[in-house]
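Some notes on the structure that comes next.
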Amino acid sequence: MEITLAVEVFQLENRFSTAMYCDIKGIKEGYMFLNQGKSTPDKVFGEGIICTLRILEKKYNDRSLLLAFPEVYLSITNPQTRTEIYRLLNQFISFKFIKDEYEELLKVVNHMGHTDLIKEGTLHGYLPNQVDIMKKQLEKKDTKEKRLSIPLDYNGIDLPYEGVIIDFETNSPFVKYARIFEVGAIKFKNGVIVDRFQSFSNPGIKIPKSIRELTGIKQSEIDAAPKSSIVMKNLLKFIGKTPILVGHNLHRYDFELLRTYMERFKLPPWKGQLLCTKKTAKKAQLIVNNYKLETLCHLFGIQNKSAHRALSDCEATFELLLALYEHTILGSELNNQKK
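If you read the sequence shown in UniProt numbering, its first letter stands for residue 1, the second for the next number, and so on.
Shown next as structure tokens:
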């Protein structure tokens, strides 16, 4: 017999909450909401899952656990919390991590918990039919709002006259798990860089060893950095009324991350158009093995002096942007001459 457990952590400004789904096969199924108030990312996930595992372990440790969240989530927690989580997991017959299919439902549970003003420190339960009803209500509202909020792509033939290139260094390639350690941005006008922005960001967790080794960012630099909320406010101030945001893999990562943080810290939404150099390179049908920034820079002979550092990646993306538009214009002219 199995128990399925899904866990999702949410942050709004400096307050946290955890939403969970638990299905004890053949016995009961339901959702839980835990209001954790002011805290830090490394604490909240551990508190939520430990609280749930202790309840389950008392009566159902003769079952196997299916954990519907990435194991990377555990890396956010501090070493003592992580040790306690694995100790509890090992009390069950077995445990394994499976695909997370409950993200949207847990967002609904989080919404319900905040709407119902659940007290801090209280673990509150919801029945599946309650969550399903609320999900349908929110879907109607969300569909309308999304149509109004999704930025359009920049589809001009020429290089945009002005824009801002953004890049983030984080702990995860998945937006919903990502915590920002460094922010970089470049403002350009008429094909020339006119301003730069760079800042380390303290997300309240330790920078993983793999990220330290990849980027060269030191823990001391993160410890001394301003909180993520302050850094994002400064970034939006730098972006200002710039009409176009540019990035590499912009739609799927950097802009989604920016939008997530704007919502998390209740910052005013940015309005404008998006231009992704990865998307532009694909449209140009370049002959390459992949469309990574590193690969495209090599193709065009662009030097990225400090790869995997936010500002240096912005500068490389700017050079790539220029090269792509030059390539596209020259390609069009050559095709016209052949005709």
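Where is the CB? At the ideal position from N, CA and C, for every residue including glycine.
Can you name, in chain order, every residue of its own chain whose Cβ lies under 8 Å from the Cβ of residue i, other than the five neighbours on each side?
{"i": "residue 104", "result": "135"}
{"i": "residue 88", "result": "50, 53, 54, 57"}
{"i": "residue 238", "result": "164, 185, 187, 195, 197"}
{"i": "residue 48", "result": "7, 9, 18, 20, 34, 36"}
{"i": "residue 138", "result": "108, 111"}
At the level of alpha carbons, what is the spacing between residue i and residue j?
{"i": "residue 325", "j": "residue 51", "result": "54 Å"}
{"i": "residue 265", "j": "residue 167", "result": "19 Å"}
{"i": "residue 278", "j": "residue 129", "result": "42 Å"}
{"i": "residue 232", "j": "residue 62", "result": "47 Å"}
{"i": "residue 257", "j": "residue 284", "result": "26 Å"}
{"i": "residue 176", "j": "residue 189", "result": "33 Å"}
{"i": "residue 215", "j": "residue 319", "result": "21 Å"}
{"i": "residue 150", "j": "residue 309", "result": "28 Å"}
{"i": "residue 132", "j": "residue 253", "result": "29 Å"}
{"i": "residue 127", "j": "residue 156", "result": "50 Å"}
{"i": "residue 281", "j": "residue 226", "result": "35 Å"}
{"i": "residue 287", "j": "residue 72", "result": "34 Å"}
{"i": "residue 67", "j": "residue 301", "result": "45 Å"}
{"i": "residue 38", "j": "residue 15", "result": "4 Å"}
{"i": "residue 148", "j": "residue 141", "result": "Residue placement at residue 148 is flagged as unreliable, the pLDDT there being 47, under the threshold of 50; the coordinate-derived value follows with that caveat. Distance between the alpha carbons of residue 148 and residue 141: 11 Å."}
{"i": "residue 217", "j": "residue 273", "result": "31 Å"}
{"i": "residue 295", "j": "residue 85", "result": "40 Å"}
Grouping DSSP H, G and I as helix and E and B as strand, with all else coil, what is residue i?
{"i": "residue 153", "result": "strand"}
{"i": "residue 8", "result": "strand"}
{"i": "residue 321", "result": "helix"}
{"i": "residue 220", "result": "helix"}
{"i": "residue 159", "result": "coil"}
{"i": "residue 234", "result": "helix"}
{"i": "residue 21", "result": "strand"}
{"i": "residue 83", "result": "helix"}
{"i": "residue 65", "result": "strand"}
{"i": "residue 202", "result": "strand"}
{"i": "residue 210", "result": "helix"}
{"i": "residue 292", "result": "coil"}
Shortest alpha-carbon distance to residue i belongs to which of the options?
{"i": "residue 196", "options": "186, 100, 318", "result": "186"}
{"i": "residue 30", "options": "37, 38, 281, 21", "result": "21"}
{"i": "residue 13", "options": "271, 229, 295, 192", "result": "229"}
{"i": "residue 240", "options": "289, 269, 80, 25", "result": "269"}
{"i": "residue 81", "options": "291, 45, 67", "result": "45"}
{"i": "residue 191", "options": "315, 115, 224", "result": "315"}
{"i": "residue 208", "options": "322, 170, 262, 106", "result": "170"}
{"i": "residue 317", "options": "193, 152, 173", "result": "193"}
Residues in its own chain within less than 7 Å of residue i by CB, not counting five upstream and five downstream?
{"i": "residue 160", "result": "154, 244, 275"}
{"i": "residue 93", "result": "62, 63, 64"}
{"i": "residue 27", "result": "none"}
{"i": "residue 306", "result": "312"}
{"i": "residue 24", "result": "3, 60"}
{"i": "residue 118", "result": "33, 35, 124"}
{"i": "residue 299", "result": "286, 288"}
{"i": "residue 122", "result": "35"}
I'd like the list of long-range same chain contacts for residue i, defined as Cβ closer than 6 Å, with 5 residues on each side in sequence excluded.
{"i": "residue 125", "result": "30, 32"}
{"i": "residue 205", "result": "41, 42, 76, 179"}
{"i": "residue 102", "result": "6, 21, 68"}
Who pairs with residue i in a beta bridge, going by DSSP?
{"i": "residue 28", "result": "24"}
{"i": "residue 185", "result": "166, 197"}
{"i": "residue 177", "result": "According to DSSP, which records beta bridges pairwise, residue 177 is partnered with nothing at all."}
{"i": "residue 54", "result": "Answer by DSSP bridge pairing: none, since residue 54 is not bridged."}
{"i": "residue 273", "result": "152, 244"}
{"i": "residue 38", "result": "15"}
{"i": "residue 192", "result": "189"}
{"i": "residue 123", "result": "34"}
{"i": "residue 255", "result": "According to DSSP, which records beta bridges pairwise, residue 255 is partnered with nothing at all."}
{"i": "residue 3", "result": "24, 65"}
Compare the C-beta of residue i with all C-beta atoms of chain D and state if any pair is closer than 8 Å.
{"i": "residue 75", "result": "You won't find chain D in this structure, because it holds only one protein chain."}
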